[in-house]
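Going by full-length UniProt numbering, the first residue of the sequence shown is number 1, and it counts up by one from there.
Even for Gly, the Cβ is constructed at its ideal location relative to N, Cα and C.
Predicted model, so just to flag it, every value in this text is computed and none were measured.
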Amino acid sequence: MNEADYKPILADYLSNRLTVDEYISAFMKQWKHDRDVAWGTPLPEQAPRQEQFHKMMNRLFTSGDCYEEHPESSWEISEEELRQEVQLFYQRLWGA
Numbered sequence: 001m002n003e004a005d006y007k008p009i010l011a012d013y014l015s016n017r018l019t020v021d022e023y024i025s026a027f028m029k030q031w032k033h034d035r036d037v038a039w040g041t042p043l044p045e046q047a048p049r050q051e052q053f054h055k056m057m058n059r060l061f062t063s064g065d066c067y068e069e070h071p072e073s074s075w076e077i078s079e080e081e082l083r084q085e086v087q088l089f090y091q092r093l094w095g096a
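Below, the structure is given as structure tokens:
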């Protein structure tokens, strides 16, 4: 799992270059690829940051999975809530 693969997806969504549906599609595609192919054992010096990054991306995966245009149940989230999640993790990882 490489941060450089996710940063442009999140940045494009936050700057409105991707719609919510485009963002979810791009993010899910990358996440599933990483889950199936690219997740390896990080080098020892990378392990703490990589573990934190995995947790954040897993949470964003869940958030994308819970997104509904018109949320009806308590586990569904709106685009505003999804955008807040993306913004929070983007700031934690890369600032601004």
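Secondary structure note for GLU69: it is in no alpha helix (DSSP H), with a DSSP letter that is neither H nor E. Partner residues in the beta bridge of ILE77, as assigned by DSSP, are TYR67.
A distance below 8 angstroms separates the beta carbons of TYR23 and TYR13.
If the five residues before and after TRP31 are omitted, its C-beta is found closer than 7 angstroms to the C-beta atoms of MET57, PHE61, all from its own chain and listed in chain order. The alpha-carbon separation between GLY64 and LEU82 amounts to approximately 7 angstroms. VAL37 is classed as exposed because its beta carbon has fewer than 16 other beta carbons within 10 Å across all chains shown. Taking ALA26 as reference, the option from SER15, LEU10, ASN16 with the minimal CA-CA separation is LEU10. VAL20 is positioned such that its CB atom lies no closer than 8 angstroms to that of TYR90.
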